[in-house]
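Numbering (the working numbering), first residue to last: 6 to 241.
All C-beta atoms in this analysis are idealised placements derived from N, C-alpha and C, irrespective of residue type, glycine included.
Encoded as structure tokens, the structure appears first; notes follow it.
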């Protein structure tokens with residue numbers, strides 16, 4: 006973690022097969038929150054290329070149903086993405102991407118189909134495609150992790166989808182626990198990504214607060230002075 010000293014490190018490698026997230030997730034672990042992601046590239050210990058993303062997680066009402074909305078705003082790109090999840094299963098319901106005030110991508114899940122509308126340079130394109138069973142929105146990645154208690158289920162698997170792109174499957178394994186100053190304790194989890202063709206590749210590492218499950222930090226390379234990272238900055 007940037008700016009916090011590491012005081013203890015414990016290996017807690019998961020064993021056994023990964024559990025499907027849908028069998029163990031607890032959506033009530035998610036609470037309304039707002040924070041900023043600071044993304045940066047590090048080369049030989051020098052960080053640069055900083056990008057800020059504002060995130061908001063809220064329980065709202067949509068079409069008469071209680072849902073969870075996850076919103077990501079990039080002011081640099083003038084882009085806001087909002088995804089809506091079932092408040093109990095976190096299943097994908099709707100996806101919206103705006104460039105400025107223009108709705109450029111709108112997607113709705115109806116049964117096992119994704120209804121997609123894209124507007125590019127004034128041209129509107131509509132399409133319908135199948136939705137793989139048990140898939141989640143890619144933009145809800147952090148919330149999927151928070152919905153699992155890694156103290157109980159140290160290895161999970163799930164698939165995520167972005168409208169217009171193939172789904173990816175992730176296996177997430179708890180590999181350690183680290184203690185930082187100020188009483189902060191985190192799980193270290195490792196990701197393996199498998200794409201639609203079946204090819205697997207490393208998916209980086211995340212630090213999760215052992216108490217709340219919130220994702221606090223991501224890095225492509227653990228304990229390295231080179232790589233891509235992001236860190237959560239609370240907006241309170």
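Integer-rounded CB distance, given that residue j should sit under 8 Å from residue i
i	j	result
residue 147	residue 86	No, residue 147 and residue 86 are not in contact; Cβ-Cβ is about 13 Å, not under 8 Å.
residue 119	residue 112	6 Å
residue 174	residue 164	5 Å
residue 60	residue 40	6 Å
residue 23	residue 180	At roughly 13 Å, the Cβ-Cβ gap does not stay under 8 Å, so residue 23 and residue 180 are not in contact.
residue 193	residue 182	7 Å
residue 143	residue 167	5 Å
residue 35	residue 62	6 Å
residue 96	residue 90	7 Å
Rounded separation between residue i and residue j - CA only
i	j	result
residue 74	residue 93	13 Å
residue 157	residue 216	13 Å
residue 207	residue 196	6 Å
residue 126	residue 114	25 Å
residue 25	residue 141	12 Å
residue 239	residue 231	25 Å
residue 102	residue 212	28 Å
residue 57	residue 21	38 Å
residue 2	residue 77	Absent from the model: residue 2. The displayed extent of the chain is 6 to 241, so no value can be given.
residue 54	residue 37	29 Å
residue 100	residue 128	19 Å
residue 199	residue 171	11 Å
residue 106	residue 184	44 Å
residue 178	residue 159	6 Å
residue 98	residue 189	34 Å
residue 116	residue 46	40 Å
Start and end residues, alpha helix (DSSP H) containing residue i
i	result
residue 175	No alpha helix (DSSP H) contains residue 175, which is instead part of the beta strand (DSSP E) from 173 to 185.
residue 140	Unbroken run through residue 140 is the beta strand (DSSP E), 140 to 142; no alpha helix (DSSP H).
residue 145	First-last for residue 145: undefined, no H or E at that position.
Environment of residue i [buried if 16+ CB atoms lie within 10 Å]
i	result
residue 153	buried
residue 80	exposed
residue 71	exposed
residue 145	buried
residue 218	buried
residue 227	exposed
residue 328	Outside the modelled stretch of the chain, which goes from 6 to 241, sits residue 328, for which no answer is possible.
residue 234	buried
residue 65	exposed
Residue interval of the beta strand (DSSP E) (run including residue i)
i	result
residue 195	190 to 199
residue 3	The shown model of the chain, from 6 to 241, leaves out residue 3, and the question about it has no answer.
residue 214	205 to 214
residue 240	Premise fails: residue 240 is in no beta strand (DSSP E) and is neither H nor E.
residue 162	160 to 166
Contiguous beta strand (DSSP E) assignments of at least 3 residues, all confined to the region 58 to 130: Taken in chain order, the unbroken stretches of beta strand (DSSP E) that lie wholly in the region 58 to 130 and span 3 residues or more are 70 to 79, 84 to 91, 97 to 104, 107 to 115, 118 to 125.
request  = Report the residue ranges of all alpha helix (DSSP H) runs contained in full by the region 16 to 58; include only those spanning at least 4 residues, in chain order.
outcome  = List check, alpha helix (DSSP H) in window: 26 to 29.
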